[in-house]
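J.: One structure, pasted below without further comment.
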Amino acid sequence: MEFLADITLLADSTLRIATPLILAAFAGLVAERAGVVDIGLEGKMLAAAFAAAAAAAVTGSPWAGLVAGVAASVLLALLHGYVAISQRGNQIVSGMAINIVVAGLAPTLANFWFHQGGQTPLLTGDARFGAISLPFADALADVPLLGALYSEIISGHNLITYLTVVLVPGTAWMLYKTRFGLRLRAVGENPEAVDTAGISVVRLRYQAMIIAGILCGFAGTVLSTGLGAGFIRDMSAGKGFLALAAMIFGKWKPVPTLLACILFGFVDALQGRLQGVDFPVIGEIPVQFTMMLPYVLTVLILAGFVGRIQAPRASGIPYEKDH
Amino acid sequence: MASTSDKLPWWANSVVLPLLNLLAAFLVSGLVIWGLGEDPFLALSYMVEGAFGFEEGISYTFYYATNFIFTGLAVSLAFHAGHFNIGGEGQAMIGGLGLTFAVFMVGDFSPFVSIVFAIVGAALFGALWAYVPAYLQAKRGSHIVITTIMFNFIASALLAYFLVGPLQREGGQMPESADFPDGASLMGIHELLAAFGISFEEGPMNISLLIGLVCAAGVWFLLWRTRYGYELRVVGQNPQAARFGGISVSRMTIGAMMLSGALAGMMGLNELLGEQHRLLGNFTLGYGFVGIAVAFMGRNHPVGIVLAALLFGALYQGGAELAFEIPTIQRDLIVMIQGLVILFAGAMEHMFRAPVVALFERVAVRRAT
């Protein structure tokens with residue numbers, strides 16, 4: 481039975497950890513399908529995490545946090561859009577710059593407003609998106625297997641995790657089943673054709689950046705108000721980059737990207753569980769090595785399983801109308 | 003882009019435009035400082051005074067600049083081959099690890115041998131850490147930006163493992179190694195100047211600055227005066243053409259990345275062999291990332307890179323003094339200013355191009371009439 485309990489715990493934390501990854505990866509997906517490479521996901525997440533925690537700490541409402549988090553992330557997405565779309569600047573440099581600016585600005589502001597060494601105050605009770613018990617979770621807990629699955633794994637997550645379940649198919653539907661989505665994908669593959677059809681490339685790409693900003697805002701908000709209880713320095717800890725890797729592993733397609741995120745979430749949950757465990761023969765694995773696991777896995781996956789893949793053809797290339 | 007830059011004289015392109023970008027970054031930083039309730043002009047004067055106002059400050063400025071010369075050259079060399087090496091940070095960490103192994107291997111046998119081993123160890127380990135992502139890019143098509151970022155995280159964990167494990171100072175609690183054996187250190191510039199009878203206050207600036215300048219000259223020679231450098235640049239500008247011309251793109255990718263990793267790895271010479279005399283956890287402090295900005299601001303030319311490195315060195319040293327003088331302003335704010343400089347000077351380098359070109363055209367028309 482202990483083994484089963486382990487599995488349940490692992491599945492539960494996989495879902496928790498995967499939530500921000502999925503949201504950020506879909507943000508990257510929308511941006512890159514529209515032709516804008518965005519390695520600033522990390523910075524946008526961190527900014528949203530800070531803004532959300534700060535707003536929630538001041539107002540006591542996680543909803544105010546969500547609004548602030550999304551607003552911060554969208555602003556940065558528009559800044560990146562301005563550099564990439566209007567200035568035709570280098571998109572990788574811009575993304576890195578945004579990451580560094582946020583890494584400096586967020587603790588500065590946190591210190592200025594809250595005087596807690598670059599953190600925001602601990603959020604308690606209603607100021608967070610707490611665990612939600614789904615209906616009948618307690619009643620069904622005793623039903624063998626399925627009951628445990630429902631009450632232990634599916635029930636008891638925060639609101640944004642459940643929201644992700646809606647947002648992800650919503651985004652996929654938008655990309656593949658709407659006229660707007662068709663145009664968005666077209667602008668990432670062949671902007672000249674979109675332009676020839678009389679549709680504004682610039683406008684579409686900015687719209688994509690706003691959508692990416694919103695999704696990334698959710699990702700950051702869940703970090704500081706759902707999974708954590710406040711903003712801590714560097715709390716995004718490379719999740720933005722892992723999300724990007726998941727998107728590439730998922731070949732810029734929604735379902736494979738989703739599965740890749742869940743895999744990364746699982747590995748991260750696993751490394752948490754492996755810490756301090758005494759293995760037969762090899763003994764305890766040093767914590768630094770278990771911490772490497774998600775990153776090593778990413779490299780292995782990119783090297784071994786993905787192989788040569790085709791990014792959206794125009795991604796990363798600024799569009800110049802007058803050749 | 004080439005057509006617009008032709009309209010500008012070289013000094014406008016490589017001096018005026020970067021300065022305008024820098025000014026814009028400082029303007030935004032000033033607004034943030036003002037928003038924090040401090041006087042931006044006072045802050046600026048503290049920074050300039052701290053970076054250039056006294057001999058020890060100057061020594062620190064050049065000391066930091068040395069780090070940026072190495073990481074800037076590293077980014078630039080890979081960029082000339084068409085690759086984005088975001089792994090400078092990790093390559094510098096592993097280079098520092100190699101340097102430390104080499105130094106302890108030699109022991110206190112002879113200072114000269116230690117230093118030679120240290121240079122080889124740093125460059126070799128840095129190059130090997132860059133080799134894996136380069137190989138994966140060349141042979142498996144793995145996205146080098148992602149793999150080098152992942153290698154930064156892995157390097158950081160690896161360094162942490164060695165510093166709380168095998169390499170930790172005996173009986174120590176901090177993530178740091180034992181002190182390097184006697185003689186395993188680089189001469190300070192003030193000592194060098196003293197040998198010529200010039201007195202200069204003691205400071206951390208050391209002869210790795212000269213090693214960095216030699217590397218800059220070497221990169222210039224390699225890129226613009228050798229066949230290998232020519233092939234490397236062809237691969238960067240047009241891989242198809244390179245392939246048709248019989249140049250192996252994957253060989254050049256691996257070669258350029260390993261040279262790039264070696265340069266980043268040598269950053270440890272300045273930090274560890276020049277100043278700290280031991281290996282510290284996360285001694286790279288983001289210098290590898292700033293190298294991206296240095297390379298872009300220096301227009302990917304060694305001379306420009308040295309000048310841009312000096313600018314960032316001043317920013318670091320001035321920023322440290324600023325944080326000391328005004329308690330509201332902390333190191334984090336300096337990180338933000340660096341980010342803004344990267345944003346304006348690196349990513350938005352064309353921002354002021356159109357207005358400046360227009361200005362020059364108007365002047366030219368007026369002269370003609």
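From first to last, the protein sequence lines stand for chains S and F. 481 is the number of the first residue of the first sequence in my numbering; add one for each residue after it. 3 is the number of the first residue of the second sequence in my numbering; add one for each residue after it. Note that beta-carbon positions come from the ideal geometry of N, C-alpha and C, so glycine has one too.
When we look at the beta-carbon of F/K141 and count the other beta-carbons within 10 Å, is it buried (16 or more) or exposed?
T.: Classification of F/K141: exposed, given that the 10 Å Cβ count is below 16.
J.: When DSSP labels each residue in this structure, what does F/N170 get in the three-state scheme?
T.: The question names Asn, but residue 170 of chain F is Gln in the sequence shown. In this structure, F/Q170 counts as strand in the three-state DSSP scheme.
J.: Are the stretch 737-752 of chain S and the stretch 482-493 of chain S touching by the rule of at least three beta carbon pairs closer than 8 Å?
T.: Output reads yes: the stretch 482-493 of chain S touches the stretch 737-752 of chain S.
J.: Looking at the structure shown, is S/G763 part of a helix, part of a strand, or coil, going by DSSP?
T.: Three-state DSSP puts S/G763 in a strand.
J.: My output table needs one value for S/I797: the three-state DSSP class, helix, strand or coil.
T.: In this structure, S/I797 counts as coil in the three-state DSSP scheme.
J.: So the candidates are F/A218, F/A322, F/I148, F/A360; which of them puts its Cα closest to the Cα of F/L79?
T.: Residue F/A218 is the option with its Cα nearest to F/L79.
J.: Against S/A783, what residues of chain F qualify as contacts under a CB-to-CB distance less than 8 Å, listed in chain order?
T.: Going along chain F in sequence order, the residues near S/A783 (Cβ under 8 Å) are L138, R142, S144, T149.
J.: Within the same chain, show all residues whose beta-carbon is closer than 7 Å to that of S/I572, passing over the 5 residues directly before and after it, in chain order.
T.: Closer than 7 Å at the Cβ level, and outside the excluded window around S/I572, lie V517, I519.
J.: Below 6 Å CB to CB, which residues in the same chain sit around S/A699 once its five sequence neighbours on both sides are set aside?
T.: Excluding positions up to five away in sequence, the list reads P500, L503, A504, M525.
J.: If we define contact as Cβ-Cβ less than 9 Å, is S/F711 a contact residue for chain F?
T.: No, because no Cβ of chain F sits closer than 9 Å to the Cβ of S/F711.
J.: Looking at C-beta atoms only, is the number of pairs between the stretch 148-165 of chain F and the stretch 716-726 of chain S that lie closer than 8 Å three or more?
T.: Enough Cβ pairs lie closer than 8 Å, so yes.
J.: Quick check on DSSP: helix, strand or coil for S/N579?
T.: In the structure shown, S/N579 sits in a helix (DSSP, three-state: H, G or I).
J.: Indicate, with yes or no, if the ligand FAD has a heavy atom lying under 8 Å from the CB of F/G220.
T.: The ligand content of the structure shown is nil, which means the ligand FAD is not present either.
J.: Beta-carbon of F/Q175 versus every beta-carbon of chain S: anything under 9 Å?
T.: It does not; no Cβ of chain S falls within 9 Å.
J.: On the DSSP bridge assignment, give the partners of S/H595 in chain order.
T.: For S/H595, which the question treats as bridged, DSSP gives no partner whatsoever.
J.: Under the DSSP definition of a beta bridge, which residues are partnered with F/I88?
T.: Bridge partners of F/I88: none, in fact.
J.: Against S/V776, what residues of chain F qualify as contacts under a CB-to-CB distance less than 7 Å, listed in chain order?
T.: Near S/V776 (Cβ distances below 7 Å), the residues of chain F are I156.
J.: Confirm, please, whether the CB-CB distance from F/L234 to S/V563 is below 9 Å.
T.: Against a cut-off of 9 Å, the Cβ pair of F/L234 and S/V563 comes out as no contact.
J.: Output needed for F/Y48: all residues of its chain with C-beta closer than 8 Å, excluding positions within five of it in sequence on either side, in chain order.
T.: Hits under 8 Å: G320, E323, L324, E327, I328.
J.: Pick out whichever of F/E351, F/A132, F/R368, F/V343 has its Cα sitting closest to the Cα of S/G584.
T.: Selected option, being the one with the closest Cα: F/V343.
J.: Short of 6 Å in beta carbon distance, which residues of its chain neighbour F/A4, apart from the five on each side in sequence? Order them along the chain.
T.: Confidence in F/A4 is poor, its pLDDT being 41 and thus under 50, which makes the residue's placement unreliable; the coordinate value appears in the next sentence. Nothing meets the Cβ criterion.
J.: Can you name the residues of chain F whose CB is closer than 8 Å to the CB of S/R568?
T.: Correct list: H352.
J.: I need the DSSP call for S/A531, collapsed to helix, strand or coil.
T.: Here S/A531 sits in helix by DSSP.
J.: Distance cutoff 9 Å, beta carbons only. Does S/P736 sit that close to anything in chain F?
T.: Judged by the 9 Å Cβ criterion, S/P736 is not in contact with chain F.
J.: Could one say the Cβ of S/M525 lies closer than 9 Å to chain F's Cβ atoms, at least one of them?
T.: So, not an interface residue.
J.: Three-state secondary structure (DSSP) at F/H279?
T.: Residue state, collapsed to three classes: coil.
J.: Taking DSSP as the reference, what is the three-state secondary structure of S/I742?
T.: Here S/I742 sits in helix by DSSP.
J.: Quick one: is S/G561 near chain F, going by C-beta distance under 9 Å?
T.: Output row for S/G561: interface = no.
J.: With a cut-off of 8 Å on the beta carbons, I'd call S/G545 and S/A552 a contact; round off their distance for me.
T.: With 8 Å as the limit, S/G545 and S/A552 do not qualify as a contact, their Cβ atoms being about 11 Å apart.
J.: Would you verify that the beta carbon of S/S574 is, or is not, closer than 9 Å to some beta carbon of chain C?
T.: Any reference to chain C falls outside this structure, whose protein chains are S and F.
J.: Out of S/G745, S/I742, S/L743, S/M771, point me to the one whose CA is closest to S/G756's CA.
T.: Cα-wise, what sits closest to S/G756 is S/M771.
J.: For the alpha helix (DSSP H) holding S/F721, just list the boundary residues, first then last.
T.: Its alpha helix (DSSP H) spans residues 719-729.
J.: Going along the stretch 582-608 of chain S in order, which residues come within less than 7 Å of chain F, judged by CB to CB distance?
T.: Per Cβ criterion, the list reads A583, G584, L585, P587, T588, N591, F592, G598.
J.: Give me the chain S residues within the contact set of F/I344, using Cβ-Cβ distance strictly less than 7 Å, ordered along the chain.
T.: Here the neighbours are V573, M576, A577, I580.
J.: If you measure from the beta carbon of S/V761 to each beta carbon in chain F, is any gap under 9 Å?
T.: Not one chain F Cβ lies under 9 Å of S/V761.
J.: Is it buried or exposed for S/I762, if we count other Cβ within 10 angstroms and need 16 for buried?
T.: Per the 10 Å Cβ criterion, exposed.
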